[in-house]
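Student: According to mature numbering (1 follows the signal peptide of the UniProt record, and there is no 0), the residues represented by the sequence shown are -28 to -1, 1 to 351, in order. Think of the CB as a built atom: it goes at the ideal place given N, C-alpha and C, for glycine as much as any other residue. I have a structure I would like to understand better, so I am pasting it below and will then ask my questions one at a time.
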Amino acid sequence: MKIFTLSPLSTMLRSVLVALAVACVVLAQSTIVIPYGSPYLYLNGRWDETDTSWWTGTGFKLVAKNLKEMTVYLGSLTTQPSASVGVSVNYGAWQTVNLTAGANVVPLSGLNSSPLSTNVIRVANEGWQNNNIQLEAVEVNGDAVPEVYTPSSVNFQFIGDSLSAGQYCVQGVINAWNFVTAENFKAEHSIQAQPGVCLTDIECWGNIHGQSYEFFQAEDDGYYNDAKHNYTTPWNFARDLPATHVVIHIGANDASTAYNISEPSFLSTYETFVGQLRVLYPTQPFFIFSPWGWPAADGTVSYYYTSPSPYVQLIESRNALGDYNIFLVNTTGWVSWADVFPTNQHPTEEGHVKIAAEFSTWLMEWGLSPQPSWATLAV
């Protein structure tokens, strides 16, 4: 039996091999950290100078091959005790995850298992107020291969109030008709919708400003009660993916008995607002919703701003200025008592799906077809 002993060279070689083995273990355990501002984090919606999200539906998208795990790191400006977001893996169903300041391991059910397969993770704020996340970084497994997200060629800009924010729905805006419509068309979206907000720039149901002011700010109306950020900053629209279609559904709060904004006054504000929007979106079609009203248990529906309709007058006034790229979406009959919560007459989750189906049909008849596939495929 021969006994082999290590020469000095063999001893040195052994040390090198041990060092390499240790390095390999470290590499195998390492992760990739993608900071806020990286091209590998595709942001949508509105974010302020502290990398904090505002407005419902704001979020980010991450694309990577061989993705196995994801941790989201949030800063101290994140809403306490937590902020609710929806997470969709490879365009699957949205699952609610509550995020807190610090490290958050996000469950990723439904990942493609092949190392060569692409995975698409979408994250979106569900809430419309006191639901901010301060995004610092996203960490993924070290052998993942991040890729740049390619957005859809269709991008909706939605503007509205509680009827467009998914108020009272289990997943907030993710259940709302506008969010669902964007999903139907495999489209991007930005949603500036705030429950209780008027179009008129007055204090309205706790909102200090109306949409005619707040839409042009980075922050939603919740800023006023945020001790850490109780001010507004003008939104830089150059940060947006350019909208391809602008959709507005507003007026319910202006018309309420609490504020009773007259039809001529509402029309004047709406005309000014649309004129400002036209500067930002000179060639995009505008879709102006008429009210679908407030259904009652007896089958009747109470409509507001009807005689004459400022929505019809708005279209006519824009046409008179030579703007024919603006269209009335007549929603009469879209919503019944069966489609709303009986305690507040706001659409249920199923009611929002119905509205989205109605609007999707309207859009297809107008000439917009759903995209055949998402621009960034999960394959």
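Is Glu322 buried or exposed, if buried means 16 or more other CB atoms sit within 10 Å of its CB?
Tutor: Classification for Glu322: exposed.
Student: Apply the 10 Å Cβ neighbour rule to Asn102 and answer buried if 16 or more other Cβ atoms are within range, or exposed otherwise.
Tutor: Exposed, since its Cβ has fewer than 16 Cβ neighbours within 10 Å.
Student: Which whole-angstrom value is the C-beta distance of Gly223 and Pro263, which I expect to be below 8 Å?
Tutor: With a Cβ gap of about 6 Å, Gly223 and Pro263 count as contacting.
Student: As an exercise, report each continuous alpha helix (DSSP H) stretch of at least 4 residues that is fully enclosed by the region 259 to 312, in chain order.
Tutor: The region 259 to 312 contains these whole alpha helix (DSSP H) runs: 282 to 292.
Student: Apart from the five residues on each side of it in sequence, which residues of its chain come closer than 6 Å, Cβ to Cβ, to Ser345?
Tutor: Within the same chain, Ser345 has no close Cβ partners at all.
Student: If I follow the unbroken beta strand (DSSP E) through Trp26, where does it start and stop?
Tutor: Element bounds for Trp26: Ser25 to Lys37.
Student: Just how far apart, CA to CA, sit Gly144 and Gly99?
Tutor: Roughly 6 Å between the two C-alpha positions.
Student: Helix or strand or just coil, what does DSSP make of Val117?
Tutor: Here Val117 sits in strand by DSSP.
Student: Are there 16 or more other CB atoms within 10 angstroms of the CB of Ser124, so buried, or fewer, so exposed?
Tutor: Its Cβ being crowded by 16 or more others within 10 Å, Ser124 is buried.
Student: Just the Cα atoms here: how many angstroms apart are Asn179 and His161?
Tutor: So the two alpha carbons sit approximately 23 Å from each other.
Student: Can you grab the Cα-Cα spacing for the pair Asp20 / Val284, in whole Å?
Tutor: The alpha-carbon atoms of Asp20 and Val284 are separated by roughly 36 Å.
Student: Identify every residue that forms a DSSP beta bridge with Thr43.
Tutor: DSSP, once it has assigned bridges, lists Val77 and Glu111 as partnering Thr43.
Student: Is Ser136 helix, strand or coil when you go by DSSP?
Tutor: Correct three-state label for Ser136: helix.
Student: Under the DSSP definition of a beta bridge, which residues are partnered with Gly99?
Tutor: Note: Gly99 sits in no beta bridge, so no partner.
Student: Taking the alpha carbon of Val351 as the point to measure from, which residue in Tyr185, Val92, Gly74 and Thr303 has its own alpha carbon closest?
Tutor: Considering only alpha carbons, the answer is Val92.
Student: Run through the region 165 to 231 for me and flag every whole alpha helix (DSSP H) of 4 or more residues, listed as ranges in chain order.
Tutor: Within the region 165 to 231, the complete alpha helix (DSSP H) runs of at least 4 residues are 183 to 186.
Student: In terms of residue numbering, what span does the beta strand (DSSP E) encompassing Gln248 cover?
Tutor: Note, Gln248: premise wrong, no beta strand (DSSP E); alpha helix (DSSP H) at Glu235 to Leu252.
Student: Answer with buried or exposed for Met336, where buried requires no fewer than 16 other C-beta atoms within 10 angstroms of its C-beta.
Tutor: With fewer than 16 Cβ atoms within 10 Å of its Cβ, Met336 is classed as exposed.
Student: Could you tell me which residues DSSP pairs with Ile146 in its beta bridges?
Tutor: Per DSSP, none; premise fails for Ile146.
Student: Could you tell me whether the Cβ atoms of Trp27 and Ile163 are closer together than 8 Å?
Tutor: For Trp27 and Ile163, yes; Cβs fall inside 8 Å.
Student: State the Cα-Cα distance for the pair Gly305 and Ser184, rounded to the nearest angstrom.
Tutor: Those two C-alpha atoms are separated by around 28 Å.
Student: Is it a yes or a no for the region 235 to 248 touching the region 274 to 283, going by three-plus beta-carbon pairs under 8 Å?
Tutor: Touching, per the Cβ criterion.
Student: When the Cα atoms are used, what is the spatial distance from Glu191 to Thr204?
Tutor: Answer to the nearest angstrom: the Cα atoms are 6 Å apart.
Student: Among Phe245, Gly138 and Val126, whose alpha-carbon lies nearest the alpha-carbon of Leu213?
Tutor: Of the candidates Phe245, Gly138 and Val126, the one whose C-alpha sits nearest the C-alpha of Leu213 is Val126.
Student: What's the C-alpha gap between Ile4 and Gly114?
Tutor: If I take the Cα positions, the gap works out to 5 Å.
Student: Excluding sequence positions up to five away, which residues of its chain have a Cβ less than 7 Å from the Cβ of Phe245?
Tutor: Within the same chain, Phe245 has close Cβ partners Leu171 and Ser184.
Student: What residues match up with Ala55 in a beta bridge as DSSP calls it?
Tutor: In DSSP, Ala55 forms a bridge with Leu71.
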